[in-house]
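Q: Take this structure first; my questions come after.
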Amino acid sequence: MTGETGEHSDTDGMRGKVVLITGGNTGIGKQTAIALARMGARVTITSRSPEKGQAALADIRRAADSEAVECMRLDLASLTSVRDFAGEFLATHPRLDVLINNAGLALGTRSETEDGFESTLGVNHLGHFALTGLLLDRLKHSAPSRIVVLSSDAHRGAVRGLDLDDLHARRRYSAATAYCRSKLANILFTLELSERLQGSGVTVNAVHPGMVKTEFAGEDDVRGVIGFLVKLSHLVSLTPEQGARNSVYAASSPELAGVSGKYFVRRRPVRPSRPAQDKQTALRLWELSEQATGVHM
Ligand SMILES: NC(=O)c1ccc[n+]([C@@H]2O[C@H](COP(=O)([O-])OP(=O)(O)OC[C@H]3O[C@@H](n4cnc5c(N)ncnc54)[C@H](OP(=O)(O)O)[C@@H]3O)[C@@H](O)[C@H]2O)c1
Numbered sequence: 027m028t029g030e031t032g033e034h035s036d037t038d039g040m041r042g043k044v045v046l047i048t049g050g051n052t053g054i055g056k057q058t059a060i061a062l063a064r065m066g067a068r069v070t071i072t073s074r075s076p077e078k079g080q081a082a083l084a085d086i087r088r089a090a091d092s093e094a095v096e097c098m099r100l101d102l103a104s105l106t107s108v109r110d111f112a113g114e115f116l117a118t119h120p121r122l123d124v125l126i127n128n129a130g131l132a133l134g135t136r137s138e139t140e141d142g143f144e145s146t147l148g149v150n151h152l153g154h155f156a157l158t159g160l161l162l163d164r165l166k167h168s169a170p171s172r173i174v175v176l177s178s179d180a181h182r183g184a185v186r187g188l189d190l191d192d193l194h195a196r197r198r199y200s201a202a203t204a205y206c207r208s209k210l211a212n213i214l215f216t217l218e219l220s221e222r223l224q225g226s227g228v229t230v231n232a233v234h235p236g237m238v239k240t241e242f243a244g245e246d247d248v249r250g251v252i253g254f255l256v257k258l259s260h261l262v263s264l265t266p267e268q269g270a271r272n273s274v275y276a277a278s279s280p281e282l283a284g285v286s287g288k289y290f291v292r293r294r295p296v297r298p299s300r301p302a303q304d305k306q307t308a309l310r311l312w313e314l315s316e317q318a319t320g321v322h323m
């Protein structure tokens, strides 16, 4: 049985499952949390701001009619925060059934994370790379378990692929390219991780949520041409509830048991761009990500 937001009834097995959603305090992540909590999952969302997190928590609990939702602090722009978060999560959660790498941003000007990474790549890919690595053993012990990676069809905008010699865009920076490349990195990560997880019972799939009207690329983040295009896209955008459907599907659908390494658009596997299928780049990105984060999987 499939509901309004694409969720399946709790007979499909989400009752009692432990789900972690990065950046579930707003937008697509928040609606994903509501849908999965309604299905009986125990959901952890993360937030940078405790106030915003607590407000979201109250909304999610009310909307899902569930008390099995909590919020923990996580800033993906800081490896210290990622390590602290992972340590606390592992100490308090004996299992992890679904990890949804949802948080993401697009910026108008170049900035760097605490660890000196270009911020878009740092948050959208490297922070999640480190987090996934630190939680991977718990996912393996909880198998069959799933990882869902929020990518975007914007990855197709990175027509020349990644610039592995200038991953942090120190020589040349364009805000749009930085975002498209970070979303390409999400798919390459999914590709390489799925190979490494073969036989483990842990699957990993990437999803494109569609064009969704959220806080994404809001006033403070992106101005100029990209900001204008984002505002224009809001005229035809999906609601956050609709945008959550693909994440909920990838996290919970029994149809996807054992399915790994795919890219889903509107709940169908779709071939990503040619650079997103490049196994050599996926491996090189993996090595560079291990070096950058110090997290080895
Ligand atoms: N909206 C779209 O049309 C669209 C299209 C394709 C793909 N996507 C992808 O879908 C995902 C969710 O986007 P959305 O539209 O729901 O965006 P959103 O409303 O802006 O939400 C983004 C979430 O990411 C969190 N976040 C940002 N920087 C963070 C950091 N340094 N550490 C931890 N969390 C951080 C935000 O937390 P704060 O509240 O603290 O900022 C927020 O919870 C993103 O990965 C995005 O790339 C969105």
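So for the sequence shown, our numbering puts the first residue at 27; every next one is plus one.
Glycine included, every Cβ here is placed at the ideal spot set by N, Cα and C.
#1: How big is the Cα-Cα spacing for Asn231 and Asn127?
#2: Cβ of Thr319 within 8 Å of any heavy atom in ligand 3?
#3: Please work out which residues of its chain come closer than 6 Å, Cβ to Cβ, to Gly50, disregarding the five sequence neighbours upstream and downstream, and give them in chain order.
#4: So Leu188 packs on Ala211, CB below 8 Å; how close in whole Å?
#5: Is it buried or exposed for Thr37, if we count other Cβ within 10 angstroms and need 16 for buried?
#6: From Arg64 to Ser178, what distance separates their C-alpha atoms?
#7: Buried or exposed: His34, going by 16 or more other Cβ atoms within 10 Å of its Cβ?
#8: Kindly indicate which residue of Arg164, Tyr275 and Ala94 has the alpha-carbon position closest to the one of Phe115.
#9: Quick one: is Ser75 buried, meaning 16 or more other Cβ sit within 10 Å of its Cβ, or exposed?
#10: Check Tyr289 in the structure and name its three-state DSSP category.
#11: Going by alpha carbons, who is nearest to Val321 out of Leu105, Leu264 and Ser171?
#12: Taking the alpha-carbon positions, what's the Arg310 to Ala84 distance?
#13: Under the criterion of a Cβ to heavy atom distance below 8 Å, does Ser73 qualify as lining ligand 1?
#14: Would you kindly check if the distance between the Cβ of Ala204 and the Cβ of Ala195 is under 9 Å?
#15: Among Thr135, Ile86, Ala156 and Gln306, which has the Cα closest to the Cα of Arg109?
#16: What is the residue span of the beta strand (DSSP E) that Leu176 lies within?
#17: Does the Cβ of Ala276 lie closer than 8 Å to at least one heavy atom of ligand 1?
#18: Run through DSSP, which three-state label would His194 get?
#19: Run through DSSP, which three-state label would Ala232 get?
#20: Tell me the DSSP bridge mates of Asn127?
#21: For Gly53, is the beta carbon positioned less than 8 Å from some heavy atom of ligand 1?
#22: For ligand 1, is there any heavy atom lying closer than 8 Å to the beta carbon of Pro266?
#23: Got a sec? Which residues, its chain only, sit under 7 Å from Gly153 by beta carbon, not counting five neighbours each side?
#24: Quickly, what does DSSP pair Ser73 with across the bridge? List them, please.
#25: Alpha carbons only, please: which of Ser273, Leu100, Thr265 and Tyr275 is nearest the one belonging to Phe242?
#26: CB Ser68 to CB Leu125, shorter than 9 Å?
A: Reading off the structure:
#1: Translated into the one-based positions of the sequence shown, residue 231 becomes position 205. Translated into the one-based positions of the sequence shown, residue 127 becomes position 101. Rounded to whole angstroms, the gap between the alpha carbons of Asn231 and Asn127 is 10 Å.
#2: In the structure shown, ligand 3 is absent; the only ligands present are ligand 1.
#3: In the sequence shown, the residue the question calls residue 50 occupies position 24. Same-chain partners within the cutoff: Lys56, Ala59 and Ile71.
#4: What you label residue 188 is simply residue 162 of the sequence shown in a count that begins at 1. What you label residue 211 is simply residue 185 of the sequence shown in a count that begins at 1. About 7 Å separates the two Cβ atoms, so the contact holds.
#5: Residue mapping note: residue 37 aligns to position 11 of the sequence shown, counting from 1. Reliability of the predicted coordinates at Thr37 is poor, the pLDDT of 47 falling under 50, and the value obtained from them is presented with this limitation in mind. Exposed is the call here.
#6: Here residue 64 is taken as the residue at index 38 of the sequence shown, counted from 1. Here residue 178 is taken as the residue at index 152 of the sequence shown, counted from 1. The straight-line gap from Cα to Cα measures roughly 26 Å.
#7: Mapped onto the sequence shown, residue 34 falls at position 8. Because the pLDDT of His34 is 47, which lies under 50, any placement of that residue in the model is unreliable, and the question is left without a value.
#8: For the purposes of this step, residue 115 is identified with residue 89 of the sequence shown, where counting begins at 1. Minimum Cα-Cα distance from Phe115 among the listed residues Arg164, Tyr275 and Ala94 corresponds to Arg164.
#9: Locating residue 75 in the sequence shown gives position 49, where the first residue counts as 1. When all chains shown are included, Ser75 counts as exposed.
#10: On the sequence shown, position 263 is the one that residue 289 refers to. Correct three-state label for Tyr289: strand.
#11: Looking up residue 321 in the sequence shown gives position 295. When the alpha-carbon of Val321 is set against those of Leu105, Leu264 and Ser171, the nearest one is in Leu105.
#12: The residue given as residue 310 occupies position 284 in the sequence shown. The residue given as residue 84 occupies position 58 in the sequence shown. Roughly 42 Å separates the two Cα atoms.
#13: Here residue 73 is taken as the residue at index 47 of the sequence shown, counted from 1. Under cutoff, so the answer is yes.
#14: Numbered from its first residue, the sequence shown carries residue 195 at position 169. Numbered from its first residue, the sequence shown carries residue 204 at position 178. With respect to the 9 Å criterion, Ala195 and Ala204 are classified as neighbours on the basis of their beta carbons.
#15: Translated into positions along the sequence shown, residue 109 becomes position 83. Comparing C-alpha distances from Arg109 to each of Thr135, Ile86, Ala156 and Gln306 shows the shortest one belongs to Ala156.
#16: Here residue 176 is taken as the residue at index 150 of the sequence shown, counted from 1. That run of the beta strand (DSSP E) goes Ser171 to Leu176.
#17: Start at 1 with the first residue of the sequence shown, and residue 276 comes out as number 250. Answer for Ala276: no, Cβ out of range of ligand 1.
#18: In the sequence shown, residue 194 corresponds to position 168, counting from 1. Looking at His194 - three-state DSSP - the assignment turns out to be coil, as it is neither helix nor strand.
#19: Sequence index remark: in the sequence shown, residue 232 carries index 206 (1-based). In the structure shown, the three-state DSSP call for Ala232 is strand.
#20: As a position in the sequence shown, residue 127 is number 101, starting the count at 1. Note: Asn127 sits in a beta bridge opposite Val175.
#21: Against the sequence shown, residue 53 aligns to sequence position 27. Yes, Cβ of Gly53 sits closer than 8 Å to a heavy atom of ligand 1.
#22: Sequence index remark: in the sequence shown, residue 266 carries index 240 (1-based). Pro266 Cβ: within cutoff of ligand 1.
#23: Looking up residue 153 in the sequence shown gives position 127. Around Gly153: Leu102, Ala103 and Val108.
#24: Here residue 73 refers to the residue found at position 47 when the sequence shown is read from its first residue. DSSP output for Ser73 lists Arg99 as bridge partner(s).
#25: Taking the sequence shown and counting its residues from 1, the one referred to as residue 242 is at position 216. With distances taken between Cα atoms, Phe242 lies closest to Thr265.
#26: Taking the first residue of the sequence shown as position 1, residue 68 is located at position 42. Taking the first residue of the sequence shown as position 1, residue 125 is located at position 99. The question names Ser, yet the displayed sequence has Arg at residue 68. Cβ distance not < 9 Å, so Arg68 and Leu125 don't count as in contact.
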